[in-house]
Structure formats: C-alpha cells, structure tokens
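Here the structure is laid out as structure tokens; the discussion comes afterwards.
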Amino acid sequence: MQEETGLDLVGPPQLLGVDWRQPAGTDPYTQYYFTGPRLDAARVQPQLSVEHDQWQMTSAKEWPDLVGQAQAVTFSRLLNALQHGTCFYLRNNQTVPAR
Numbered sequence: 001m002q003e004e005t006g007l008d009l010v011g012p013p014q015l016l017g018v019d020w021r022q023p024a025g026t027d028p029y030t031q032y033y034f035t036g037p038r039l040d041a042a043r044v045q046p047q048l049s050v051e052h053d054q055w056q057m058t059s060a061k062e063w064p065d066l067v068g069q070a071q072a073v074t075f076s077r078l079l080n081a082l083q084h085g086t087c088f089y090l091r092n093n094q095t096v097p098a099r
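In terms of full-length UniProt numbering, the sequence shown opens at residue 1 and continues consecutively.
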C-alpha cells in the first residue's frame, strides 16, 4: 500500500473475498482481497512506475470501460462485501455457495 499510494495500513485488514482460479493451461492460484484505508484524492500521492503508470478515482459505473466486464464484476462484489461487512468466495470467478 505504501509503495503505491504513499499511505500506510492501520490495523488488521478485513478479508473481503477469495477467488480460486485455474485458467486453462496454467497452475491454479488464489487471489485474496482485503480492505485498505479509505482514499481521499487530496491525500493520495501515487508512486507511478512501469507497472502503475496512471491512476484516477472513478465510480462503479465507469469500471467496465476501464477494466473490462469480468474485472468490474469482481470489483462490484468487493464493494458489496465492503458495504455489508461480508466476504465472498469464488471459484474461477463463479460464486461458491456458503456452507
């Protein structure tokens, strides 16, 4: 977080989502999504690099055009989990029912 935004995490992060994936022809991997600090555009001083060459604050309605539909759906799930204090579980980007 510090490297990319100039902000430090305070306290333990909350788990928002887990996505277990195995794209065709690759080894399986898991993505974990956690909370971070609330960002204020006036406070964020992004550290741009080859990997992160631009940044902007956007609304959820703008996400599909910027990152594609599949990633926008994941971001929407994260926003929902954050708003409701829950965690979601996916397998290959498909919801896994709670047991």
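Ideal Cβ positions, reconstructed from N, Cα and C, are used throughout, including at glycine.
DSSP state of Thr30 mapped onto helix, strand, coil
strand
Residues bridged to Leu90 by DSSP?
Asp19, Thr95
With burial defined as no fewer than 16 other Cβ atoms inside 10 Å of the residue's Cβ, what is the status of Thr74: buried or exposed?
buried
Which residues in the same chain as Tyr29 place their Cβ atom closer than 7 Å to its Cβ, once the five residues preceding and following it in sequence are excluded?
Arg21
Among Phe34, Ala24, Asp19, Leu78, the one whose alpha carbon lies nearest that of Pro12
Phe34
For Gly68, count neighbouring Cβ atoms within 10 angstroms of its own Cβ and tell me buried if that reaches 16, exposed if not.
exposed
To the nearest whole angstrom, what separates the beta carbons of Phe88 and Gly36, a pair I think is in contact under 8 Å?
Not a contact, Cβ separation roughly 17 Å.
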